[in-house]
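In the working numbering, the protein residues as written are 1 to 288.
Put into structure tokens, the structure is as follows:
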């Protein structure tokens, strides 16, 4: 049976401005999908949605009006896609995690439930852990087996061009990108850098790059060989990219020297995979 929508409710004990919440529901209505907010708390703001592709799929900007995360801030976005709903979610800008002098950890939580024959596209901007920040990011996607998904996750090494550079100077970073088919794990990508030694090792593991991105695509009828199209065309300067496939899931790993190069690689992956997953071409997302 499809899971019924259960919005996340505001806790009256939350300190205003420290816990951002947005809980929404996407459902088909009159031949297109509409998104409804059920509960939210500042600094998240509800500003509606638009139909950028001029079809039945709404695009929603996840508007967090704060300038970034400070000591112990929490942000929780929750979306439930009803059967046959189609929706794209993106952020207005990068998620910035500022220094935590009191050793509190800032948290960014994103939860999606995608019902039968529903389609989710999730393309957020990068997370930037500043020097001395303590960051925890968790993105969880629960899919019905008949659902469709294109999602991305991107982490920067820090403010790499600020002054002398702040790459890999954060105190700790925990990042998890988890996708499940019902209760069955499908894909888990976890980065744990909770000591100075583990943070320092990232520069070597990222092969000198400062941007890391992961792209996942899932569809019950994902064509054979579609992942091979990602290797077509000219190589992107400053980008290292690998592609793997397990059944109906394609995973793309990206390492890049610059933020814009990682975005270019993500867009290439979207260009190749979106027609197979969603049935339409990729086009630049409007954020204004």
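By construction, the Cβ of each residue, glycine as well, lies at the ideal position given by its N, Cα and C atoms.
- In the structure shown, residue 26 adopts extended strand secondary structure according to DSSP, grouped into three states.
- Below 8 angstroms, too few C-beta pairs join the segment 31-50 and the segment 99-107 to call them touching: fewer than three.
- For the pair residue 208 and residue 166, the Cα-to-Cα distance works out to about 14 angstroms.
- Considered as a whole, the segment 207-287 harbours 259-277 as its complete alpha helix (DSSP H) runs of no fewer than 4 residues, in chain order.
- Around the Cβ of residue 195, a 10 Å sphere holds fewer than 16 other Cβ atoms; the residue is exposed.
- Boundaries around residue 197 are those of the alpha helix (DSSP H), 196-205, since no beta strand (DSSP E) includes it.
- Residue range 32-41 is occupied by the beta strand (DSSP E) that includes residue 40.
- Rounded to the nearest angstrom, the Cβ distance from residue 136 to residue 155 is 12 angstroms, too far for a contact under 8 angstroms.
- With 16 or more other Cβ atoms from the protein chains shown falling within 10 Å of its own Cβ, residue 98 counts as buried.
- Per the Cβ contact rule, the segment 183-190 is not in contact with the segment 114-131 (fewer than 3 Cβ pairs under 8 angstroms).
- Residue 103 is positioned such that its CB atom lies no closer than 8 angstroms to that of residue 138.
- For residue 61, the enclosing beta strand (DSSP E) begins and ends at 59-64.
- Rounded to whole angstroms, the Cβ separation of residue 92 and residue 74 is 19 angstroms, and the two are not in contact under 8 angstroms.
- In the three-state reduction of the DSSP assignment, residue 84 falls in the coil class, being assigned neither a helical nor a strand state.
- The segment 211-230 and the segment 251-260 touch, with no fewer than 3 CB-CB distances between them shorter than 8 angstroms.
- Cβ contact annotation for residue 261 (same chain, cutoff 6 angstroms, sequence separation greater than five): 238, 239, in chain order.
- Here the C-alpha atom of residue 182 lies approximately 24 angstroms from the C-alpha atom of residue 21.
- Looking at 264, 266, 219, 263, the one whose alpha-carbon comes closest to that of residue 245 is 219.
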